[in-house]
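Taking the UniProt record's numbering, the leading residue of the sequence shown gets 1, the next gets one more, and so forth. This report concerns only the one structure given below.
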Amino acid sequence: SHGAAFCLHDRLFNCSDRHVAHVCRRCGDLLSPCTERSSILSAGQSVVDAQHNAKLRVYCKNAGCIAAASGSFDGSGNNADDDHVEPIVLPYVYRYLANELAAMNIKMKMDVQ
């Protein structure tokens with residue numbers, strides 16, 4: 001029985017639509033976290049070197065989440081404390097469902113611990 005469950009999980013999830021997404025633990029939103037590449041670290045590099053050596057910062061752009069932060073902001077007004085954004089593995093169709101529901105003004109909230 002474990003072999004069948006492993007085979008189904010492997011074929012229907014890992015080999016099909018496995019997706020690593022970021023979710024904010026404060027607001028529970030799947031669509032608000034976004035990535036930002038550091039332009040200071042890639043200055044003077046070629047395009048290929050900048051893509052391979054990119055330092056990405058993941059932060060939540062939700063205004064309520066930023067207001068709930070401890071007041072640590074960087075120069076662009078974003079929350080500098082990014083430890084509340086976590087990567088999770090989920091089917092891509094779940095992210096697509098969240099996008100479609102957001103288009104109809106329905107918010108999905110995830111409880112990540």
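In this text, a Cβ means the ideal position worked out from N, Cα and C, and glycines have one as well. Values in this document were obtained by computation on a predicted structure and should not be read as measured data.
Exercise for review: Please look up how many angstroms separate the CB atoms of HIS22 and PRO87, rounded, as I've assumed it's under 8 Å.
Suggested key: 5 Å
Review point. According to DSSP, is LEU8 helix, strand or coil?
Key: helix
Exercise for review: Return the CA-CA distance between PRO33 and GLU100, expressed in angstroms with no decimal places.
Suggested key: 17 Å
Practice item. Look at the Cβ atom of ARG57, then the Cβ atom of VAL112, and state whether they are nearer than 9 Å. Key: no
Check your understanding: Where DSSP assigns a beta bridge to CYS24, which residues make up the other side?
Key -> VAL85
**Study point:** Selected residue, minimal CA-CA separation from THR35, among ASN14, LYS61, GLY3, MET110
**Key:** LYS61
**Study point:** Where the alpha helix (DSSP H) through VAL112 begins and ends
**Key:** That residue, VAL112, is in no alpha helix (DSSP H); it is neither H nor E in DSSP.
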